[in-house]
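To start, the structure under review is shown below, and the notes come after it.
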């Protein structure tokens, strides 16, 4: 049996204009984008839960390609992302997160529409839970999911952040 090596989680703090959030990646891809204006402890707690025992190492160099694309997005110059993800979740969560990536820039879908897209029309609440577990805010665009009547509903980054992201996409 081969000894299992632990992934290093590289992290950086994105401080761009009035956007401030922690980001993290493994050698496989972006694994975390935090909530706006939240402390490092949010990242540390998430990493311990999802990557127990893996070291957290600050490295702006390792996160540079991800930061550059996020900055282009925040400037309205990018509508999608080309970098890889390293998101760990159940098959159901993965299906939901993949469906979120199919929502076109500037558009929204309801939780029930996502449930239909993944062929689980009765799983609307479970879809909401999976969306709430999305570790990569902005890049996997859970901010594009709204209530059935178009109302803004829960968002791990907070409704203010969700509103700002949707307004940004409307302007471009």
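Numbering (the working numbering), first residue to last: 50 to 221. Every residue, glycine too, gets a C-beta built ideally from N, C-alpha and C.
Taking residue 84 as the centre and dropping the five residues before and after it, the same chain places the C-beta of 70, 91, 186, 205, 206, 207 and 210 closer than 8 angstroms to its C-beta, in chain order. The alpha-carbon of residue 116 is positioned some 25 angstroms away from that of residue 203.
Runs of the alpha helix (DSSP H) lying entirely within the segment 133-173 and spanning at least 4 residues, in chain order: 140-150 and 160-166.
About 5 angstroms separates the beta carbons of residue 57 and residue 106, which is inside the 8 angstroms limit, making them a contact pair. Comparing alpha carbon positions, the residue from 218, 219, 77 and 199 closest to residue 136 is 77. With three or more CB-CB distances shorter than 8 angstroms, the segment 141-150 counts as touching the segment 162-171.
Between residue 87 and residue 64, the alpha-carbon positions lie close to 12 angstroms from each other. Judged by beta-carbon spacing, residue 132 lies within the 7 angstroms limit of residue 114, meaning their Cβ atoms are closer than that value.
A direct Cα-to-Cα measurement between residue 122 and residue 154 gives close to 11 angstroms. For residue 61, the beta-bridge partners assigned by DSSP are 72. DSSP places residue 115 within a helical segment (H, G or I) once states are collapsed to three.
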